[in-house]
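Asks: This is the structure, below, for whatever I ask next.
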Amino acid sequence: MSSLKWVKGPSGIPGNKGADILAGIGAEKSVAAGKNEEAPPWQLLWCATCHKDFLRSIHFFMWMLIHGGYKVGKYWDNIPGHQEKAFCPLCEEYESVDHILTQCNMPGREQIWDLGPKLWQLKTGKDLRPTMGMGELGHAVR
């Protein structure tokens, strides 16, 4: 049997505010910080999605991408009557997240990729040049 018990929070405890500040600083560092090696690209991407500026929906979207959670391509191969869903309706190419996001000629895809760097520039003042497709990310994860 489970029960709930109220436990006083750490409010007012000396050093708690300092610990919270240090924890926040640590959470914003990459996993590889302080080591002589760089974290794999997928790990850096995952850590970046945990930043406070990313909405929960973006965090979830990235989790699904990294873990192959979207129903595209091979997912439909062994489901009777649904095999046609494995192919892009426009290009008739075998569907993948990489195809949808970086290769398909579907209207709107290019516009989204053009707006991303502009939004990044407005937010950070830095240039953003995406170079890795989701397929490459998927290969880095496995």
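No gaps in the numbering here: position 107 of the sequence shown is 107 in this note's numbering, and each next residue is one more. C-beta atoms are modelled at their ideal positions from N, C-alpha and C, and glycine is treated no differently.
From the DSSP output, which residues share a beta bridge with residue 70?
Replies: The partner list for residue 70 (beta bridge, DSSP) is empty, contrary to what the question assumes.
Asks: Tell me the residue span of the alpha helix (DSSP H) that contains residue 110.
Replies: Note, residue 110: alpha helix (DSSP H), 109-124.
Asks: So, is residue 50 buried or exposed, given that buried needs 16 or more other C-beta atoms within 10 angstroms?
Replies: Its Cβ having fewer than 16 others within 10 Å, residue 50 is exposed.
Asks: Exposed or buried, what is residue 96 when buried is set at 16 or more other beta-carbons lying within 10 Å of its beta-carbon?
Replies: Flag for residue 96 reads buried.
Asks: Which class does residue 54 belong to by DSSP, given the choice of helix, strand or coil?
Replies: Note: residue 54 maps to coil in three-state DSSP.
Asks: Would you report the Cα separation of residue 127 and residue 110, rounded to the nearest angstrom?
Replies: Their backbone Cα atoms lie some 18 angstroms apart in a straight line.
Asks: Rounded to the nearest angstrom, how far is the Cβ of residue 64 from that of residue 90, given a contact under 8 angstroms?
Replies: Wrong, their Cβ atoms sit about 22 angstroms apart, outside the cutoff.
Asks: May I have the straight-line CA-CA distance separating residue 100 from residue 52, to the nearest angstrom?
Replies: Using only the alpha carbons, I get a separation of about 27 angstroms.
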